[in-house]
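See below:
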């Protein structure tokens, strides 16, 4: 194993975050705070409780997931796309480092950044609503699995994209709508039976539901199904990444 | 001399069907400076990219120090440093961080003292804390060389290292390349500047249309293919050559003040003695004489045109 190589990529990516602190950390914290102000205070005052939880507290897991998913994808996709765009990827390709090791560096850094962000958002939420985490271990497990899975997904997007438009296409047109319609701000039980059925086809619902259960022991689907869905998504991403490495798709000519 | 890089029957065909390399065979000797000359699109960069692992070969194999670049990529890539043609570099890193990153990427433990010595050799030590975006083009190119040297390679590929670099810096780089060779590093450079190859290379390879036309010792190449000229400055200008000294390879200048005789150094008889006797018999006296040799550029143009 080229651990020095893994560490170099990881440190480089983390340093990029430090350089772009405003965009990487402070931006999501501000937008999350705004969500609390708009949904928690303005709208939340009209929706007293959901499943026995105050609306402000109810949306905390959804908000964390919203930031985690979008940031994991953008961190990892940008991390690998930018060297392709600038041409500096020549150095990665000519180095004695396997693609798996490169993946550890890029995805590890993207997932780390998302974890830090998740922790900061949770701390921010603590200023607005009283936080209660019934199963902290499970919550951390969900956070970890989500960060890793969606960082892998972002890595795949970064490899696939050959321009900036494509880089933004899936996060903007697919992931963000799925997160908003996956129960970030509401419980699926608040929908009509037809839309409840439709929502079950949204994979993000399972993530948010499981994550919310670790906080309040309430969920739209069972915890086991949520965990299984996260693992299915993780496995699918790993399979795609291993295919990319085998074929050199969009990396090597 | 022992080969450090062996390229055997190497071909590369891109997905669009373009054949960039056609059955290339090349042995690069340990400790030499070999210059690959060729017009744009000749395949020089593709050849380097395959050896360094950036482009997959379609056929053939490449060995570095006896190890296959695919099966034993960790060992071979550890030995190789690459300075790319384009100024592809992370603009927001500092100079020191950029070199440290390269060293780590190539599997080497941090060594600030070594990075310091490389930066000092490249006259970049004063700029170590500057972000690369703040540097001039010439300095960025030196940073690229520093990044390629950060992991102490034994084989260094320089793809057009002095493109867009001013004359002074180019000479500094030649001095650096010689110094690296003297320290045991094998240097493979591609260049458009034939003067560069003539100045620093031990051997010359001429590449065109994806094929290697020849690989030859530079001095041997110039001796074999470089025709020589004997130039005589006359005491009294000539309006025309007397019939007794007329020869197809003898020319008189427009002002009649010099005679130029072109001869083949490889020929059994150069004809110089006959010329001297004929001039003496015709009463043509000269006050000075000198010889010049056809440049590498002339040889290169001739070979590529014939290919």
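Protein chains in written order, with this note's numbering: chain A, 187 to 439; chain B, 143 to 449. All C-beta atoms, glycine included, are put in the ideal place defined by N, C-alpha and C.
Sort the options by Cα distance to residue i and report the nearest one.
{"i": "residue 249(A)", "options": "356(A), 329(A), 337(A), 350(A)", "result": "329(A)"}
{"i": "residue 309(B)", "options": "282(B), 338(B), 288(B)", "result": "338(B)"}
{"i": "residue 179(B)", "options": "417(B), 390(B), 412(B), 351(B)", "result": "351(B)"}
{"i": "residue 199(A)", "options": "240(A), 345(A), 297(A), 217(A)", "result": "297(A)"}
{"i": "residue 382(A)", "options": "389(A), 374(A), 397(A)", "result": "374(A)"}
{"i": "residue 448(B)", "options": "153(B), 239(B), 348(B), 318(B)", "result": "348(B)"}
{"i": "residue 278(A)", "options": "326(B), 224(B), 229(B)", "result": "224(B)"}
{"i": "residue 174(A)", "options": "317(A), 192(A), 411(A), 331(A)", "result": "A query on residue 174(A) cannot be resolved here, the shown segment of chain A reaching from 187 to 439 and no further."}
{"i": "residue 258(B)", "options": "213(B), 292(B), 431(B), 433(B)", "result": "292(B)"}
{"i": "residue 182(B)", "options": "318(B), 332(B), 278(B)", "result": "332(B)"}
{"i": "residue 353(B)", "options": "149(B), 374(B), 307(B)", "result": "149(B)"}
{"i": "residue 241(B)", "options": "164(B), 416(B), 419(B), 282(B)", "result": "282(B)"}
{"i": "residue 362(A)", "options": "252(A), 341(A), 243(A), 393(A)", "result": "252(A)"}
{"i": "residue 445(B)", "options": "388(B), 320(B), 355(B), 371(B)", "result": "355(B)"}
{"i": "residue 225(A)", "options": "216(A), 236(A), 242(A)", "result": "242(A)"}
{"i": "residue 375(B)", "options": "322(B), 290(B), 256(B), 393(B)", "result": "393(B)"}
{"i": "residue 146(B)", "options": "340(B), 420(B), 152(B), 205(B)", "result": "205(B)"}
{"i": "residue 216(B)", "options": "246(A), 269(A), 282(A)", "result": "282(A)"}
{"i": "residue 334(B)", "options": "427(B), 203(B), 184(B)", "result": "184(B)"}
{"i": "residue 402(A)", "options": "189(A), 227(A), 313(A), 247(A)", "result": "247(A)"}
{"i": "residue 360(B)", "options": "207(B), 174(B), 397(B), 381(B)", "result": "174(B)"}
{"i": "residue 215(A)", "options": "258(A), 273(A), 307(A), 270(A)", "result": "307(A)"}
In chain A, which residues lie less than 8 Å from residue i when you measure between Cβ atoms?
{"i": "residue 222(B)", "result": "280"}
{"i": "residue 295(B)", "result": "Result: empty, since nearest Cβ-Cβ is about 10 Å, beyond 8 Å."}
{"i": "residue 226(B)", "result": "273, 276"}
Expressed to the nearest angstrom, what Euclidean distance is found between the alpha-carbon atoms of residue i and residue j?
{"i": "residue 265(A)", "j": "residue 338(A)", "result": "11 Å"}
{"i": "residue 193(B)", "j": "residue 176(B)", "result": "15 Å"}
{"i": "residue 303(A)", "j": "residue 246(B)", "result": "27 Å"}
{"i": "residue 171(B)", "j": "residue 356(A)", "result": "50 Å"}
{"i": "residue 187(A)", "j": "residue 428(A)", "result": "17 Å"}
{"i": "residue 415(A)", "j": "residue 301(A)", "result": "20 Å"}
{"i": "residue 403(B)", "j": "residue 414(B)", "result": "8 Å"}
{"i": "residue 233(B)", "j": "residue 367(A)", "result": "40 Å"}
{"i": "residue 377(B)", "j": "residue 412(B)", "result": "24 Å"}
{"i": "residue 221(A)", "j": "residue 413(A)", "result": "27 Å"}
{"i": "residue 313(B)", "j": "residue 303(B)", "result": "11 Å"}
{"i": "residue 343(B)", "j": "residue 358(B)", "result": "11 Å"}
{"i": "residue 305(B)", "j": "residue 227(B)", "result": "8 Å"}
{"i": "residue 191(B)", "j": "residue 321(A)", "result": "52 Å"}
{"i": "residue 256(A)", "j": "residue 197(A)", "result": "22 Å"}
{"i": "residue 423(A)", "j": "residue 197(B)", "result": "25 Å"}
{"i": "residue 209(A)", "j": "residue 218(A)", "result": "13 Å"}
{"i": "residue 194(A)", "j": "residue 325(A)", "result": "30 Å"}
{"i": "residue 189(B)", "j": "residue 439(A)", "result": "13 Å"}
{"i": "residue 233(A)", "j": "residue 315(A)", "result": "15 Å"}
{"i": "residue 285(A)", "j": "residue 336(B)", "result": "38 Å"}
{"i": "residue 311(A)", "j": "residue 405(A)", "result": "20 Å"}
{"i": "residue 369(B)", "j": "residue 277(B)", "result": "44 Å"}
{"i": "residue 319(B)", "j": "residue 207(A)", "result": "41 Å"}
{"i": "residue 229(B)", "j": "residue 392(A)", "result": "46 Å"}
{"i": "residue 269(B)", "j": "residue 231(B)", "result": "16 Å"}
Which chain B residues are close to residue i, counting only those with a beta carbon under 8 Å from its beta carbon?
{"i": "residue 191(A)", "result": "246, 247, 248, 249"}
{"i": "residue 274(A)", "result": "230, 231, 232"}
{"i": "residue 296(A)", "result": "Those do not exist, as residue 296(A) stays about 17 Å from chain B at its closest Cβ, beyond 8 Å."}
Assuming residue i contacts residue j (C-beta within less than 8 Å), just tell me the rounded distance between them.
{"i": "residue 436(A)", "j": "residue 348(A)", "result": "7 Å"}
{"i": "residue 334(A)", "j": "residue 293(A)", "result": "7 Å"}
{"i": "residue 222(B)", "j": "residue 275(B)", "result": "That belief does not hold up - the Cβ atoms of residue 222(B) and residue 275(B) are roughly 27 Å apart, past 8 Å."}
{"i": "residue 260(B)", "j": "residue 280(B)", "result": "At roughly 17 Å, the Cβ-Cβ gap does not stay under 8 Å, so residue 260(B) and residue 280(B) are not in contact."}
{"i": "residue 373(B)", "j": "residue 328(B)", "result": "So it is not a contact: roughly 39 Å between Cβ atoms."}
{"i": "residue 344(A)", "j": "residue 267(A)", "result": "4 Å"}
{"i": "residue 391(B)", "j": "residue 405(B)", "result": "7 Å"}
{"i": "residue 263(A)", "j": "residue 341(A)", "result": "7 Å"}
{"i": "residue 377(A)", "j": "residue 396(A)", "result": "That belief does not hold up - the Cβ atoms of residue 377(A) and residue 396(A) are roughly 19 Å apart, past 8 Å."}
Report the neighbours of residue i on chain A: residues whose CB is nearer than 9 Å to its CB, in chain order.
{"i": "residue 196(B)", "result": "275, 276, 279, 280, 438, 439"}
{"i": "residue 156(B)", "result": "439"}
{"i": "residue 216(B)", "result": "188, 282, 283, 284"}
Kindly list, in the order they appear in chain A, the residues whose Cβ is closer than 7 Å to that of residue i.
{"i": "residue 219(B)", "result": "280, 281, 282"}
Which bits of chain B does residue i rub up against, with CB to CB less than 7 Å?
{"i": "residue 205(A)", "result": "234"}
{"i": "residue 198(A)", "result": "243"}
{"i": "residue 344(A)", "result": "Near residue 344(A) there are no residues of chain B at all, since even the closest Cβ is about 16 Å away, more than 7 Å."}
{"i": "residue 194(A)", "result": "243, 246, 247"}
{"i": "residue 396(A)", "result": "Those within 7 Å of residue 396(A) in chain B number zero; the least Cβ separation is about 37 Å."}
Which residues in chain B have a C-beta closer than 9 Å to the C-beta of residue i? List them in chain order.
{"i": "residue 262(A)", "result": "Neighbours of residue 262(A) on chain B: none; closest Cβ ~17 Å, over 9 Å."}
{"i": "residue 434(A)", "result": "198"}
* **Whole runs of the alpha helix (DSSP H) within the region 328 to 374 of chain B, excluding any shorter than 4 residues** => With a minimum length of 4 residues, the continuous alpha helix (DSSP H) runs that stay inside the region 328 to 374 of chain B are 336 to 342, 360 to 367.
* Ordered list of alpha helix (DSSP H) runs contained in the region 358 to 413 of chain A, each at least 4 residues -> You should have 362 to 366, 379 to 385, 389 to 402.
* To do: At 4 residues or longer, and completely inside the region 191 to 279 of chain A: list those alpha helix (DSSP H) runs for me, N to C.
  => Every alpha helix (DSSP H) stretch that sits fully inside the region 191 to 279 of chain A and reaches 4 residues is listed by chain position as 213 to 221, 241 to 272.
* **In chain order, each alpha helix (DSSP H) run of at least 4 residues that lies wholly inside the region 202 to 271 of chain B** => DSSP assignment within the region 202 to 271 of chain B yields the following whole alpha helix (DSSP H) runs of 4 residues or more, N-terminal first: 215 to 221, 237 to 247, 254 to 263.
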